[in-house]
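Notes follow the structure.
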Amino acid sequence: MGGCRCLSRRRTTPEHLRLIRENPVRYAPTGMCHLILEVLAYAADEAEDRGAGRAVVEFHPDGSVSVSDDGRGTQMAASDDGRPVRKPVMATKDLRYFDSPPATPIPDGRPRYGMSVVAALSEWLVHTNRRAEGAWTQRYRHGVPAGELVAVPSAGTTGTTVRFHSVEGLGGEVSAESVRPLADRVSRVLVVEV
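Taking my numbering, the leading residue of the sequence shown gets 408, the next gets one more, and so forth.
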């Protein structure tokens, strides 16, 4: 159980999220397109580990976007009282990109900073996680968890779905046509449907 205490200790870093919200042009210079590519970069990481993967980008009528993949799902553990605890990728600094520049560029040519950028620059974000041992969802507002993990029915598959609605004024109007060419360049082993 020692590992799960580590997962639950750093649920959010408010100063990190505030820094991102105060500097959207720095952390998401191409606006919504950059946020989509940040999510796809995580799907690509899993596809690279497995040798192949699939992801679907969907634009919703309410202005939100969802990115779903067929990866293993975000790492989970159990807290000391038996509740599921998710690795805090949405609300904490990804040290691979923030503290060891230069960050890896993503297909818009800008540095990759991690999922906390997507969460911090979203009015709301819903992270649904499907793993072999179960499925859970959690909602965030401006990068901060807006409740606990909630168990959801498992579809018998693994993967992650991140649905988010960016903050007003972020810019970077996007469409399937504008995202598709960049999404195709995320990874040689990740097939992306837009």
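Backbone N, C-alpha and C define an ideal beta-carbon position, used for all residues, glycine too.
These figures come from a predicted structure and were not determined experimentally.
- Secondary structure of VAL472 (DSSP, three-state): strand.
- Counting along the chain, MET483 sits inside no alpha helix (DSSP H); it lies in the beta strand (DSSP E) bounded by residues 483–485.
- Between ARG519 and TYR504, the C-beta spacing is below 7 Å.
- Here the C-alpha atom of TYR449 lies approximately 13 Å from the C-alpha atom of GLN482.
- Of the residues ARG428, VAL463, LEU444, the one whose Cα lies closest to the Cα of GLU600 is VAL463.
- No residue range can be given for VAL581, since it is assigned to no alpha helix (DSSP H) and is classified by DSSP as neither H nor E.
- A residue is called buried when at least 16 other Cβ atoms come within 10 angstroms of its Cβ; VAL432 does not meet this threshold and is exposed.
- For TYR547, the pairing in a beta bridge is given by DSSP as LEU532, PRO552.
- Sequence-distant Cβ neighbours of ARG592 in its own chain, meaning closer than 7 Å and more than five residues away, are PRO514.
- In terms of Cβ geometry, VAL525 and VAL446 form a close pair [threshold 7 Å].
- According to the DSSP assignment, HIS423 belongs to the alpha helix (DSSP H) that extends over 421–429.
- With a beta-carbon spacing of about 6 Å, VAL596 and GLY460 fall inside the 8 Å limit used to define contacts.
- In the structure shown, ALA542 adopts extended strand secondary structure according to DSSP, grouped into three states.
- In the assembly as shown, SER573 is a buried residue. Its beta-carbon has 16 or more other beta-carbons within 10 Å.
- Residue environment for THR511: exposed (fewer than 16 other C-beta atoms within 10 angstroms of its C-beta).
- Per DSSP, the unbroken alpha helix (DSSP H) holding GLU445 starts and ends at 439–457.
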